[in-house]
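For the protein sequence lines, the chains are G and W, in the order given. Using this note's numbering, read the first sequence as starting at 542 and increasing by one per residue. Using this note's numbering, read the second sequence as starting at 542 and increasing by one per residue. For every residue, glycine included, the Cβ atom is placed at its ideal position computed from N, Cα and C. Reading through the structure tokens given below for one structure.
Protein chains: 2
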Amino acid sequence: MTSVEPTAEMHPQRWGDPALAAELPESARGLVELAFGLQDRPAVAGAVPPASALPEPLLDELRDLLGAEHVLTDDATRALRTRGKSTPDLLRARAGDLADAPDAVVRPMGHADVVAVLAWADANRVAVVPFGGGTCVTGGLAARRDGFAGLVSLDLVRMKCLLAVDDVSMTATLEPGLRGPEAEALLAEHGMVLGHYPQSFEHASIGGFAATRSSGQSSAGYGRFDAMVVGLTAATPTGSLDLGSAPANAAGPDLRQLLLGSEGAFGVITSVTVRVRRAPAVTTYEGWRWPSFDAGADAMRTLAQDGLLPTVIRLSDESETAINLADPSSIGGAEDPGCLMVTGYEGTASQVDSRRAAVTAVLTDLGGTPLGTEPGKKWVQGRFHAPYLRDSLLDHGVLVETLETATFWSNRPRLYADVKAALQSSLGEGSLVLCHVSHVYETGCSLYFTVAARQVEDPIAQWQVAKAAASDAMIAAGATITHHHAVGTDHKPWFAQEIGEVGVRILRAVKAELDPSGILNPGVLLP
Amino acid sequence: MTSVEPTAEMHPQRWGDPALAAELPESARGLVELAFGLQDRPAVAGAVPPASALPEPLLDELRDLLGAEHVLTDDATRALRTRGKSTPDLLRARAGDLADAPDAVVRPMGHADVVAVLAWADANRVAVVPFGGGTCVTGGLAARRDGFAGLVSLDLVRMKCLLAVDDVSMTATLEPGLRGPEAEALLAEHGMVLGHYPQSFEHASIGGFAATRSSGQSSAGYGRFDAMVVGLTAATPTGSLDLGSAPANAAGPDLRQLLLGSEGAFGVITSVTVRVRRAPAVTTYEGWRWPSFDAGADAMRTLAQDGLLPTVIRLSDESETAINLADPSSIGGAEDPGCLMVTGYEGTASQVDSRRAAVTAVLTDLGGTPLGTEPGKKWVQGRFHAPYLRDSLLDHGVLVETLETATFWSNRPRLYADVKAALQSSLGEGSLVLCHVSHVYETGCSLYFTVAARQVEDPIAQWQVAKAAASDAMIAAGATITHHHAVGTDHKPWFAQEIGEVGVRILRAVKAELDPSGILNPGVLLP
């Protein structure tokens, strides 16, 4: 059983490591000014959360359970546990609104502590919001507090152990508080890799990956997080669950798949056992140019259906490709950039060689133009950087946000057109709507949209209108409201449409059984 | 929308197509006599089920719903819907015991008919047992009837349509009553294949595959049935479900995985949308010899963890290999047969060539001896035949039955040893316990045991003691009670141990929500 020291906490109003915050790069400044104008929209400084509403006797009970040093009520700690990192979350925090701050931040150390906190919360009708990395972008950390005596953030920061390693079965048991890089560092000591790299990787946690069904940038090779999980334990107010008797079985419904994606509303995931791989000896990334988004997407489909996926495969549409390539020197260049695809290969040298050769043959045959490793290197360098750029753009009055969906291949063109049109017409002239495919399956793929627009007076309302229009378009197209960002509070109305009335009733019944007092992340997930 | 004519019904006391029933092959007769003696235990002829307990006015309501020709109460039809095809089921039927016969067999035509039957059953407190192929081996078709006005078998025989084909997304939507060969025949018209071939393939149904999380002999290449399902519809007394907005998503828990494996206790699956593949141009099967079961299993693990699985891979232990190879001419042969592995490859010529070359290199390197295609051909010829042989052995007083489990690779040796010991010590001297691995994953594998013993006076009790001992050993080893045979009624006590008290409470809560009157397959699945 090994563990690591925690990574840096994020700023309550910005993404990521505060030491890495940066002004808008000079190269982008001109382009942004041209497109949106440069407004000055600095964050309000010195905002403080409302006073803690939890009475001292209740806090004393918590202190008895966990030790006084693990029950924190100071403003700074509570501010850092307020909401997640969606653009609306940041806009609220930047405006000084910390109204959703928890009354206390509690830090359990292990499953038994979590059980004890839940029992305390259940007895005292206190809402509990499990907190991993704080990177949620769908409102999943902004629980309802009406009807509760208070709200505590259950911070998993002390649960960072690699509990077990099985190098025959190639599984590892991880505690939920481990951030992405921490988990990989512990596994690397055993020559293993998890291979889960969402854009939030540097700050998001193992528990969050499980509770939200995260999918990483290498999903083509390593699979979605839910596909990696072979076992889990969870604490619920009703009791504990310990699931995972085999890689797969026919012993009834797969209850693991009921806890995965439960977003803290059914229980607190206290460990996951995941399939791991040998650390790759070779990693290589390269670029391809496609004449159109359709041509590139069809090539992805061919690879997926031929069983020839690289470890990473992503494709930007024409607009995103143009922006990615945009720098002062390239503007006005004669060549049509088409659509950029990045392919990545990880594994032993022979695995990488043979897969790369097979993929290259297919892509060449389908009309792709190889661009060498330079675009791949550039992508690797910037792969976790976009959220920092968003902060800089928000500073300058540019509204930037993302949303994503998935569908079956035959429906991809319609979904792409409809969501793009909904965003463009909501955000109006001058707005940018970019899209890429970054997760592919034999039967379909994800679509990930990024928008940028000049902020109006109320940018939250501005975004909400666009988000609703895009979400309506997804449901109308029969697609999912979220491929890998989870439901949170933001997606609830569309989630209810997606799973239907009976689906909602099933979730409510499970919730009532596991959390009869409704203390777990109230208002999140369940419509 | 295309459909097919139904296949032949099975005999109520035997497996499979009655036209294919056969006496014990001459080649095996001597061996069987030597090992167990030849008793004469013919099935009782002319057994009839108890009279239908459903009052005529209730039957008239059903006739109004479905048409009189689709509400059957004759003895022959009811006898054919009595229980499944486990050895205890056959022993009871052979003894003339048809006490579990339904009061009526009803044949809905489509989702709306199923909804109507469930509403009728709910209103009249009639138990409903969904019936696909009737191949269950875990008591899943023997529902409780106490407290109910009667019990009807909901025969899906008229729901055999290929409802939709999407050759871009490579998905097909199938009705649940399609038997394996029927589904493949319909898909073959589109150049597609599902690739799901459990031993019950010739008679089992699509709905059954889904409701029991079936796994086929080509699972290494095509995946388990639950992994093929991207969407489904189900009728429940509470309402209908229509799930499957994308290949994968983060929109809450995966409710598809709650209906898959629900064994008719939560609802009736009225269609599934499955991932299909292009029909393979080439199929080839071959044999390998391994010096030991451990060596062969380690080789399977290496292939799985290297991402180099063939389409089919199975490995018999020393005992099973000896029996497979046993024929009068080979007995007393000097050569140690070791352990037989069968590998199969399906796909385009280039896919088969490249995968076969890669696998061959690994297996050769690990000490396997290639045996050419003859053992592969022999396996293909006999792959669906074992249940017919069981009938012949039962005729001669030999108890034959199978059970199966799965675990992680590091636990495989212990699980194998413990279950084998439990079976051998229960069945006593002279009994045979054979085992093979037929489903492999990166993190683990299945173990499938076949036993044969001379029947004692009460062979059902004889088996139950052995089954309980083996099941106890599985749970004690932390393995699953079933990798692909489902829970039914036979596995319930161990299933409860496997998922724990909170797991059972979740299932009960879902059951109460979807089927508040408890009419759906009462007593099946839920402990």
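Check: Suppose you measure from the CA of LEU930 (chain W) to the CA of HIS1026 (chain W); what does that come to, to the nearest Å?; Outcome: 20 Å
Check: State buried or exposed for ARG622 (chain W), treating a residue as buried only when at least 16 other CB atoms are found within 10 Å of its CB.; Outcome: buried
Check: Please determine, among G:SER755, G:LEU907 and G:GLY748, the residue with the shortest C-alpha to C-alpha distance to TRP829 (chain G).; Outcome: G:LEU907
Check: Less than 7 Å separating the Cβ of LEU735 (chain W) from some heavy atom of the ligand SAM?; Outcome: The ligand SAM is not part of the structure shown, which contains no ligands of any sort.
Check: Taking LEU866 (chain W) and HIS977 (chain W) to be in contact with their CB atoms under 8 Å, please state how far apart those CB atoms are, rounded to whole angstroms.; Outcome: Incorrect: roughly 14 Å between the Cβ atoms, too far for contact.
Check: Counting only beta-carbon separations shorter than 8 Å, does PHE990 (chain G) have a partner in chain W?; Outcome: no
Check: VAL770 (chain G) to VAL815 (chain G), Cα distance in whole Å?; Outcome: 4 Å
Check: Less than 6 Å between C-beta atoms, sequence neighbours within five positions excluded: which residues of the same chain meet that for ALA705 (chain W)?; Outcome: THR714
Check: Name, going along the chain, the residues of the region 1013-1024 of chain G whose beta-carbon falls closer than 8 Å to a beta-carbon of chain W.; Outcome: GLY1019, ALA1020, THR1021, ILE1022, THR1023 and HIS1024
Check: Please look up how many angstroms separate the CB atoms of SER500 (chain G) and VAL974 (chain G), rounded, as I've assumed it's under 8 Å.; Outcome: Nothing in the structure corresponds to residue 500 (chain G), since chain G is present only between 542 and 1068.
Check: Can you pull the chain G neighbours of MET711 (chain W), defined as C-beta to C-beta under 7 Å?; Outcome: GLN846, GLU983 and THR984
Check: Mapping the DSSP letters down to three states, classify MET841 (chain W) as helix, strand or coil.; Outcome: helix
Check: If contacts are defined as beta-carbon pairs under 8 Å, then MET711 (chain W) and THR984 (chain G) qualify, I think. What distance do you get, rounded to the angstrom?; Outcome: 6 Å
Check: Grouping DSSP H, G and I as helix and E and B as strand, with all else coil, what is VAL770 (chain G)?; Outcome: strand
Check: Counting only beta-carbon atoms, is ASP707 (chain W) nearer than 8 Å to chain G?; Outcome: yes
Check: On the DSSP letters alone, give me the boundaries of the beta strand (DSSP E) that PRO671 (chain G) sits inside.; Outcome: 667-672
Check: Answer yes or no: does any C-beta atom of chain W fall closer than 8 Å to that of GLY908 (chain G)?; Outcome: no
Check: Name the residues in the region 932-959 of chain G whose C-beta lies less than 8 Å from a C-beta of chain W; which are they?; Outcome: THR946, ALA947, THR948, PHE949, TRP950, SER951 and ASN952
Check: Compare the C-beta of ALA1050 (chain W) against all C-beta atoms of chain G and say whether one is closer than 8 Å.; Outcome: yes
Check: Just to make sure I have the definition right: I need the residues of chain G whose C-beta is within less than 7 Å of the C-beta of THR779 (chain W). Which are they?; Outcome: VAL1043 and ARG1046
Check: Buried or exposed for ASP922 (chain W), going by 16 or more other Cβ atoms inside 10 Å?; Outcome: Checking the sequence, you will find Gln at residue 922 (chain W) rather than Asp. The residue in question, GLN922 (chain W), is exposed, as its Cβ has fewer than 16 Cβ neighbours within 10 Å.
Check: Between THR1021 (chain G) and GLU1042 (chain G), how many whole angstroms is the CB-CB distance? I'm expecting something under 8 Å.; Outcome: Actually they do not touch by this definition, with Cβ atoms about 18 Å apart.
Check: Name, please, each residue of chain G whose Cβ falls closer than 8 Å to the Cβ of VAL1028 (chain W).; Outcome: ALA791, ALA792 and GLY793
Check: Below 8 Å, how does it come out for the region 680-691 of chain G and the region 594-611 of chain G: are there three or more Cβ pairs, yes or no?; Outcome: yes
Check: In three-state terms, what does DSSP make of MET1015 (chain W)?; Outcome: helix
Check: Within a Cβ cutoff of 8 Å, which residues of the same chain sit near SER871 (chain G), ignoring the five residues on either side of it in sequence?; Outcome: Only weak support exists for where SER871 (chain G) lies, its pLDDT of 49 falling under 50; the value from the coordinates is given anyway. Result list for SER871 (chain G): empty, nothing under 8 Å.
Check: For ALA636 (chain W), name the three-state secondary structure that DSSP assigns.; Outcome: coil
Check: For GLU564 (chain G), which residues in the same chain have their Cβ closer than 7 Å to its Cβ, ignoring the five residues on either side in sequence?; Outcome: SER933
Check: DSSP three-state label for SER746 (chain G), please.; Outcome: strand
Check: For ALA836 (chain W) and THR862 (chain W), I'd like the C-alpha separation in whole angstroms.; Outcome: 14 Å
Check: Looking at GLY681 (chain W): is its Cβ nearer than 8 Å to the Cβ of GLY625 (chain W)?; Outcome: yes
Check: Taking Cβ-Cβ distances below 8 Å as the criterion, which residues of the region 1051-1065 of chain G are in contact with chain W?; Outcome: VAL1051, ALA1053, GLU1054 and LEU1055
Check: Is GLY874 (chain G) helix, strand or coil by DSSP?; Outcome: Because GLY874 (chain G) carries a pLDDT of 48, less than 50, the predicted location of this residue cannot be relied on, and no value is offered for it.
Check: Which parts of the region 845-920 of chain W are runs of the alpha helix (DSSP H), unbroken and 4 residues or longer, counting only runs that do not cross its ends?; Outcome: 859-866 and 890-906
Check: Which residues, in order along the region 746-762 of chain G, keep a beta-carbon less than 8 Å from a beta-carbon of chain W?; Outcome: THR753, ARG754, SER755 and SER756
Check: Any idea what DSSP makes of GLU597 (chain G), helix, strand or coil?; Outcome: helix
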